[in-house]
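Taking it in order: structure first as structure tokens, then the write-up.
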Ligand code: DQA
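Residue numbers (the UniProt record's numbering): 3 to 146.
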């Protein structure tokens with residue numbers, strides 16, 4: 003089973019970016035955590051990040067074609083991207099949404115997600131551990 007772990011804009015800056023909110027962990031650290039968990043779960047992980055909305059759209063389409071499961075932190079595109087919403091809907095992928103911070107405890111413009119209505123589940127506020135929790139949850143949702 004293949005799992006795409008997709009990361010949206012500014013997540014390449016983790017570690018340096020607002021550490022009070024996002025912590026000191028870098029995206030490479032998160033990738034290493036996910037790869038370690040992927041080995042335990044016996045899944046093949048494709049870990050990607052982009053600052054461009056269209057890359058995320060292309061990767062969702064690719065995941066749909068490959069019948070891959072998707073764990074996504076769409077970052078700011080969560081709150082803005084109808085294109086991402088449409089891509090997920092069209093691809094019909096099994097998807098879990100993750101956010102490092104608790105988006106509901108922050109500014110009101112972060113409270114709405116264009117992705118959540120299409121996700122099997124949403125994790126937010128558990129810090130970077132949310133990625134590992136989300137990966138485990140995703141594998142349990144996969145058709146056997
Ligand atoms: C985020 C929350 C978003 O509101 C924000 O734009 C991000 C990161 C998170 O992981 O907490 O870039 O998705």
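For each residue, glycine too, the CB sits at the ideal point set by N, CA and C.
From a predicted model like this one, the values you see are computed outputs, not experimental measurements.
Is any heavy atom in the ligand DQA found nearer than 8 Å to the beta carbon of residue i?
{"i": "residue 90", "result": "no"}
Between the options, which lies nearest to residue i when the distance is taken from Cα to Cα?
{"i": "residue 89", "options": "73, 105, 64", "result": "64"}
{"i": "residue 101", "options": "60, 87, 48, 134", "result": "134"}
{"i": "residue 46", "options": "35, 123, 111, 70", "result": "70"}
{"i": "residue 27", "options": "53, 143, 103, 130", "result": "130"}
{"i": "residue 57", "options": "81, 34, 86", "result": "86"}
{"i": "residue 109", "options": "81, 12, 139, 21", "result": "81"}
{"i": "residue 125", "options": "66, 105, 20", "result": "105"}
{"i": "residue 68", "options": "146, 15, 112, 96", "result": "96"}
{"i": "residue 118", "options": "34, 91, 21, 20", "result": "91"}
{"i": "residue 52", "options": "113, 16, 115", "result": "16"}
{"i": "residue 128", "options": "115, 107, 114", "result": "107"}
{"i": "residue 112", "options": "77, 138, 146", "result": "77"}
Which whole-angstrom value is the C-beta distance of residue i and residue j, which I expect to be below 8 Å?
{"i": "residue 141", "j": "residue 43", "result": "5 Å"}
{"i": "residue 79", "j": "residue 10", "result": "5 Å"}
{"i": "residue 4", "j": "residue 144", "result": "In fact, because the Cβ distance is near 10 Å, the residues do not count as touching under 8 Å."}
{"i": "residue 62", "j": "residue 93", "result": "5 Å"}
Would you check if the distance between the CB atom of residue i and the CB atom of residue j is smaller than 9 Å?
{"i": "residue 37", "j": "residue 6", "result": "no"}
{"i": "residue 103", "j": "residue 23", "result": "yes"}
{"i": "residue 40", "j": "residue 98", "result": "no"}
{"i": "residue 55", "j": "residue 83", "result": "yes"}
{"i": "residue 13", "j": "residue 75", "result": "yes"}
By C-beta, the residues closer than 6 Å to any heavy atom of the ligand DQA, given in chain order: Those residues, listed in chain order, are 12, 75, 77, 78, 80, 101, 102, 103, 105, 112.
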